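In my numbering, the protein residues as written are 47 to 251.
Here a beta-carbon is modelled for each residue, glycine too, at the ideal position from N, C-alpha and C.
Computed from a predicted model, the values in this text were never measured in an experiment.
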């Protein structure tokens, strides 16, 4: 049975996720004979980083499923109005690029997170923009087969309670919820990638 390779790409959330995948959470808890999860995160990462510095990881890993956790750093910008207007479309274009250029079977764009502190714009403005971008990503997903949208369960209504003191990154409790959510996203991506097969594999522990 072939091993399914999954690549999680993004900013510091992904880097912190990788650092926390130890013990029973190694490889997000999947049987490594069936699924191999790779995390490539860059602190301060923006969408254009996927097209440049992270593209080599795509070539080397050759993933079947790609999860994207990116966009928040782009949005915290004095040009947030322009970024908000194009961010969802940029992410869809990356999904198309991954599918057509690298034969990725499924691409998932994961929900952007609220922040309690920002650098370039007011917190309230940033969080309204996050809502607008998430809604637009979801709308584009409903119109397209190029990617799917993943809402992080348990991290929406209690979003601020899940942040650490810097107001941007997840607390220990928030990271734990994030791990469960990303694991669910990986499962969904593999199911969709395998949906044409008559007998989907059991990939849980």
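**Asked** Run through DSSP, which three-state label would residue 220 get?
**Response** DSSP places residue 220 in helix when its eight states are reduced to three.
**Request:** Return the residue from the list 119, 146, 230, 163 that minimises the CA-CA distance to residue 133.
**Result:** 119
**Request:** Count the C-beta pairs between the region 194-202 and the region 211-227 that are closer than 8 Å, then say yes if the count reaches three, no if not.
**Result:** yes
**Message:** Tell me the residue span of the alpha helix (DSSP H) that contains residue 184.
**Reply:** 169-189
**Prompt:** Quick one: is residue 250 buried, meaning 16 or more other Cβ sit within 10 Å of its Cβ, or exposed?
**Reply:** Note that residue 250 scores 46 on pLDDT, short of 50, meaning its location in the model is unreliable; the coordinates nonetheless yield the value given after this. Looking at its Cβ environment, which holds fewer than 16 other Cβ atoms inside 10 Å, residue 250 is exposed.
**Terminal residues of the beta strand (DSSP E) in which residue 90 lies** = Segment: none, residue 90 is in no beta strand (DSSP E) and carries neither H nor E.
**Asked** For residue 117, does the three-state DSSP call read helix, strand or coil?
**Response** coil
**Message:** Taking a contact to mean a Cβ-Cβ separation below 8 Å, would you say residue 112 touches residue 150 in this structure?
**Reply:** yes
**Message:** Looking at the strands, I want to know which residues DSSP matches up with residue 56.
**Reply:** 87, 115
**Request:** With distances taken Cα to Cα, identify the nearest neighbour of residue 173 among 142, 205, 191, 219.
**Result:** Distance check between residue 173 and each of 142, 205, 191, 219 places 205 closest, using alpha-carbon atoms only.
**Asked** At which residue ranges does the region 116-157 contain complete beta strand (DSSP E) runs of 3 or more residues, listed in the order of the chain?
**Response** 152-156
**Message:** Using the three-state DSSP reduction, which class does residue 209 fall into: helix, strand or coil?
**Reply:** strand
**Asked** DSSP state of residue 160, grouped into three classes?
**Response** coil
**Prompt:** Any idea what DSSP makes of residue 81, helix, strand or coil?
**Reply:** Here residue 81 sits in strand by DSSP.
**Cβ shell of residue 182 (< 7 Å), same chain only, five flanking positions each side left out** = 134
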